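Undergrad:
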Amino acid sequence: MDPVLIPHVREPNSFTLDFYLKHGGYGALKTALRKKPDEIVEMVKASGLRGRGGAGFPTGMKWQFVDKKVEPRYIVCNADESEPGTFKDHLLMERNPHLLIEGCAIGCYAIGAKVAYIYIRGEFFHVQSYLQRAIDEAYAKGYLGKNIFGSGFECDVYVHRGAGAYEAGEETALLESLEGKRAQPRNKPPFPAVAGLYNKPSAVNNVETLCNVPIIVSKGVEWYTSVGPEKNGGPKLYCVSGHVKNPGVFEASMNVTLRELVEGYAGGARDGRKIKAVIPGGSSVPILLPEQLDTQASFDGIARAGSMLGSAAIIVLDDTTCMVWLAENLLHFYRHESCGKCTPCREGTDWLHKILRRIERGEGQMRDLDLLSSISNNIAGKTLCAFGDAAVTPVQTTLKHFRHEYEAHIREGRCTLPADWRARQPVGAH
Amino acid sequence: MSFHPKMAYDATFHKSARQLEDEGPPFVYTAENRARFDQIVTRYPPDRRRSAVLPALYLAQYQQGYITANAIRHVAELLGITRADVEDVVSYYTMFYTKPVGTFVINVCRTLSCAVNGAERVTEELCAKLNVTAGQTDASGTFTLMEVECLGACDRAPVIMVNDSWHEHQSPEKVGKLLDDLKARGEAALTGCVHVVEKAGS
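Protein chains in written order, with numbering that gives the first Met the number 0: chain A, 0 to 429; chain B, 0 to 201.
1) Measure the alpha-carbon distance for His89 (chain A) versus Ile301 (chain A) and round it to whole angstroms.
2) What does Phe202 (chain B) pair with, by DSSP beta-bridge criteria?
3) Assuming His239 (chain A) is part of the beta strand (DSSP E), what are its boundary residues?
4) Tell me Asn77 (chain A)'s beta-bridge partners as DSSP assigns them.
5) When you compare the CB of Asn198 (chain A) with every CB in chain B, is at least one pair closer than 8 angstroms?
6) From Arg345 (chain A) to Arg357 (chain A), what distance separates their C-alpha atoms?
7) On a Cα-Cα basis, can you pick out the residue from A:Tyr118, A:Tyr237, A:Arg33, A:Ala202 that is closest to Lys67 (chain A)?
8) Going by CA-CA distance only, name the one from A:Lys61, A:Gly149, A:Glu178, A:Ser150 that's closest to Arg477 (chain A).
9) Could you tell me whether any Cβ in chain A is nearer than 8 angstroms to the Cβ of Arg72 (chain B)?
10) Going by DSSP in three states, Val121 (chain B) sits in which element: helix, strand or coil?
11) Let me make sure I understand the geometry here. Which of A:Thr320, A:Asn186, A:Thr256 has the alpha-carbon closest to that of Thr294 (chain A)?
12) Expressed to the nearest angstrom, what Euclidean distance is found between the alpha-carbon atoms of Arg155 (chain B) and Lys87 (chain A)?
13) Which residues, in chain order, does the segment 93 to 113 of chain B contribute to contact with chain A at a C-beta distance below 7 angstroms?
14) I'd like the span of the alpha helix (DSSP H) that includes Tyr61 (chain B), first residue to last.
15) Whose Cβ in chain B lies nearer than 9 angstroms to the Cβ of Gln85 (chain A)?
16) Starting from Ser252 (chain A), follow the beta strand (DSSP E) in both directions and report where the run begins and ends.
17) Would a check of beta-carbon distances place Val88 (chain B) closer than 8 angstroms to chain A?
18) Return helix, strand or coil for Gly200 (chain B), following the three-state DSSP convention.
19) Buried or exposed: which applies to Arg51 (chain A), given that a residue is buried once 16 or more other Cβ atoms fall within 10 Å of its Cβ?
20) For Ala164 (chain A), decide whether its Cβ has a neighbour in chain B, counting only Cβ atoms nearer than 8 angstroms.
21) Distance, Cα to Cα, Ala194 (chain A) vs Leu53 (chain B)?
22) Distance, Cα to Cα, Met365 (chain A) vs Leu330 (chain A)?
23) For a contact meaning CB atoms closer than 9 angstroms, what does Phe124 (chain A) contact in chain B?
24) Inspect the beta-carbon positions of Gly280 (chain A) and Ser306 (chain A) and report whether they are closer than 8 angstroms.
25) When you compare the CB of Gly191 (chain B) with every CB in chain A, is at least one pair closer than 8 angstroms?
26) Between the alpha carbons of Gly26 (chain A) and Trp62 (chain A), how many angstroms are there, rounded?
27) Taking three-plus beta-carbon pairs below 8 angstroms as touching, is the segment 40 to 59 of chain A in contact with the segment 124 to 140 of chain A?
28) Under 8 angstroms Cβ-Cβ, which residues of chain A neighbour Leu77 (chain B)?
29) Under 9 angstroms between beta-carbons, which chain B residues line up against Ile314 (chain A)? List them in chain order, please.
30) Report the three-state DSSP secondary structure of Ala10 (chain B) (helix, strand or coil).
31) Measure the C-alpha to C-alpha separation of Val391 (chain A) and Gly339 (chain A) and round it to an integer number of angstroms.
32) Where does the unbroken alpha helix (DSSP H) through Ser128 (chain A) begin, and where does it stop?
33) At least one CB of chain B closer than 8 angstroms to the CB of Phe332 (chain A): is that the case?
34) So, Val226 (chain A) versus Gly219 (chain A), is the Cβ gap smaller than 8 angstroms?
35) Please list, in chain order, the residues of the segment 9 to 33 of chain A that have any C-beta partner in chain B closer than 8 angstroms.
36) Any C-beta of chain A sitting closer than 8 angstroms to the C-beta of Val40 (chain B)?
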C-alpha cells in the first residue's frame with residue numbers, strides 16, 4: 000500500500016500548513032462538519048480502527064462510551080510516547096503535525112468536546128515547538144478556534160508538556176498528570192469515558208489513532224477496511240530498531256509479516272549476523288524467536304503467536320545479545336519508572352533488578368531463578384495498571400526461552416558470550 | 000529503608016531521597032515569565048488552575064536553572080494550591096532538578112535499543128572527558144552528565160539530549176567533538192534533531 004500517514008515526511012517543509020493544504024489537508028474536517036457527530040462515530044466504528052497506543056481497543060467503541068449527557072467533554076491525545084522502542088508518534092508530530100490537529104478537531108466534533116489536550120512527553124521539546132507552530136497556523140487560518148468552516152463548531156487544541164514519566168503513558172495516570180498531580184494510575188472503573196479529565200467524560204487516544212481519523216473520513220470506510228486483514232484494518236506505523244541495517248519508521252498494512260519488516264524494510268541483521276530474538280511490540284511484550292518471523296504483524300496475528308503488537312515497536316536482537324543482560328537492562332528501566340503507587344510493582348521491580356544484576360555479574364545461585372519466577376507471579380495482575388504485567392514480561396519471557404543462558408551465567412560465574420560481543424553495562428548503572 | 004531483611008536499597012534509588020536542600024534565593028517570576036504564566040493558565044478551566052503546575056515549574060526552572068523551595072512557594076501561591084502539592088509533583092518527575100546543574104545537562108539514553116548500539120561507550124567517553132560519573136556536574140560547572148531511560152528515538156541510537164536539544168547517532172568520537180564545540184561556541188553548537196531536513200540544507 001502507499002503510505003497515507005507519513006507520505007511526505009522526508010520532504011522539506013512537510014510540517015507547514017501550506018504543504019499540508021497542497022496535499023488535501025483539512026478536507027476531512029470540512030467533510031466531517033457536514034455530517035452529524037454520531038455519523039462520524041459510526042464511521043470510525045465501522046472502519047474497525049483499533050487504538051494504536053498498545054491495547055488495540057476499538058476507537059469507535061471508546062467514543063461511543065463517552066457519556067453524552069455531561070458537559071464539558073474532552074479529547075485527550077496521548078503523546079507521551081515512552082515505551083522503549085517506540086518512535087512513531089515522534090515522527091508524526093514532527094513532520095506531519097497538521098494531520099494530528101485535524102484528527103483532534105474531528106474527534107472533538109464526534110464526541111461533542113470543545114477542547115483537546117495533547118499531552119506530550121517532556122523530552123520532546125523540539126517536537127512540541129513544531130506542534131505549537133502548526134497549531135498557531137491552524138488558528139490563524141480558522142481551522143481551529145470559533146466557527147470552523149462556518150459550521151458554528153468551535154474547538155481549541157492545547158499542548159501540555161509532561162516532565163519525564165513513563166507511567167504518564169497510562170491513560171488514567173496521564174489524566175492525573177494533566178490535572179497537575181503525580182502521574183499515578185486511578186482505579187478503574189470508572190473509565191475515562193465516564194469520569195476522565197476533571198471527572199468529566201473524556202476520550203484518551205494515541206497520536207497515531209487520531210491521525211487515522213481524517214483518513215477514514217476522507218478515504219471512506221470501504222477503503223479503510225480493505226487495507227489489511229479483517230478486524231485489523233488501516234495503515235499501521237512500525238518502528239524497527241536494534242541490530243538492523245536500516246532502522247526507522249515504516250508504514251504498511253497489517254498484512255505485512257515480521258520477516259518483511261525486519262528483513263525487507265529494515266534491511267535485516269547487520270554484518271551477516273543471525274537474529275536471536277525479536278521483541279514485536281515494545282519492551283513490555285513477550286519475545287518472539289526467529290522461527291516465528293513469518294507471523295503476520297497484526298494485532299490478532301501476533302496475539303496468536305503468543306505475544307502482543309503493542310505499540311508496534313519491533314526491537315531486533317542478534318546473536319551478540321546476552322539475554323540476561325537484556326532482562327537486566329529492561330528491569331533497570333521498569334525499576335526506575337515504576338510510579339510507586341502499588342507495592343508489588345514498586346518493591347518487586349527493585350528486587351527483580353537486584354537479582355538479575357547479581358546473576359549478570361556471575362554472583363547468582365540456581366535458586367534465584369525460582370525466586371525470579373515467584374516475584375514475577377506476585378507482581379503480574381496485582382497492580383492497578385498494566386505496568387506490573389509489563390515489567391515482569393522481560394523476565395518471564397527470557398526465562399522461558401533462554402533459561403540455559405541464566406543457568407550458564409550461574410554455573411560459569413560470568414557471561415558466556417565472547418567478551419567483545421557483549422554490550423557493556425552502562426557506566427552509571429551500578 | 001527496606002522491609003526485606005537481605006536487601007538494602009541504593010541510596011540513590013528512592014525518589015523520596017530527592018529532597019530540597021535549601022530555601023534558595025528569593026524567587027518571583029520575571030515580568031516576562033509572569034506574562035507567560037498568565038497566558039498558560041487560560042488553557043485550563045478557571046477552577047482547574049492546578050493543571051498548570053508542570054508548565055509553571057518549567058518556567059521557574061528555565062528562569063533559575065533548578066527548583067528551590069522558594070520557587071515552589073511562588074508557584075503554589077500563584078496556582079492557589081499548597082506547597083506540599085507542588086513539591087509532590089517536583090519530586091516525582093525526573094525532568095525537574097532540585098539541585099544546581101551545569102549550563103549543559105547531557106542526558107544519555109541507556110535503554111535497550113541505545114544500549115545495543117553502544118550507548119555505554121558514549122557515556123564512558125563523556126565520563127572520561129569530563130572527569131565525572133553519571134549524575135555529577137564537572138568541576139567547571141558547565142556540564143552535568145545524566146543517564147536517562149528511553150528518549151523515544153531508537154532508530155537513531157544512541158541518542159543524547161543536551162538541555163532540550165537532541166543529538167542522534169552518537170559515538171565516542173562525536174561526543175568528544177560536541178563537548179569541544181559546546182565549550183567553544185556555547186548553545187550555537189546544539190544542532191538539534193536529524194529529522195529536521197530544512198536545517199540540514201537539503
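Backbone N, C-alpha and C fix where the C-beta goes; we use that ideal spot for every residue, glycine too.
The structure displayed is predicted, hence computed values, not measured ones.
TA: Inspection of the coordinates gives the following:
1) 24 angstroms
2) Only positions 0 to 201 of chain B appear in this structure, which leaves residue 202 (chain B) out of reach.
3) According to the sequence as given, residue 239 (chain A) is Val; it is not His. Taken as a continuous stretch (DSSP letters only), the beta strand (DSSP E) holding Val239 (chain A) covers 234 to 241.
4) A:Tyr118, A:Asn205
5) No - not a single Cβ of chain B is within 8 angstroms of the one on Asn198 (chain A).
6) It is roughly 19 angstroms from the alpha-carbon of Arg345 (chain A) to the alpha-carbon of Arg357 (chain A).
7) Of the listed residues, the one whose Cα sits closest to Lys67 (chain A) is A:Ala202.
8) Nothing in the structure corresponds to residue 477 (chain A), since chain A is present only between 0 and 429.
9) no
10) helix
11) A:Thr256
12) 12 angstroms
13) Thr93, Met94, Phe95, Arg109, Thr110, Leu111, Ser112
14) 52 to 63
15) It should be noted that the sequence gives Thr, not Gln, for residue 85 (chain A). The answer, in chain order, is Cys149, Gly151, Cys153.
16) 247 to 252
17) yes
18) Bear in mind that the predicted position of Gly200 (chain B) carries a pLDDT of just 39, short of 50, making it unreliable; the figure below should be weighed with that in mind. It is coil, neither helix nor strand.
19) buried
20) Chain B contact via Cβ: present.
21) 22 angstroms
22) Going by the C-alpha atoms only, they are around 20 angstroms apart.
23) Met160, Asn162, Asp163, Ser164, Trp165
24) yes
25) By this cut-off, Gly191 (chain B) is an interface position.
26) C-alpha of Gly26 (chain A) to C-alpha of Trp62 (chain A): approximately 22 angstroms in a straight line.
27) no
28) Simply none; closest approach about 12 angstroms.
29) Result: Leu111, Ser112, Val115, Cys153.
30) Because the pLDDT at Ala10 (chain B) is just 47, under 50, the model does not fix this residue reliably, and the value given afterwards should be weighed accordingly. Here DSSP, grouped into helix, strand and coil, assigns Ala10 (chain B) to coil.
31) 16 angstroms
32) 124 to 139
33) For Phe332 (chain A), the nearest beta carbon of chain B is closer than 8 angstroms to its own beta carbon.
34) no
35) Flagged, chain order: Arg9, Glu10, Pro11, Asn12.
36) no
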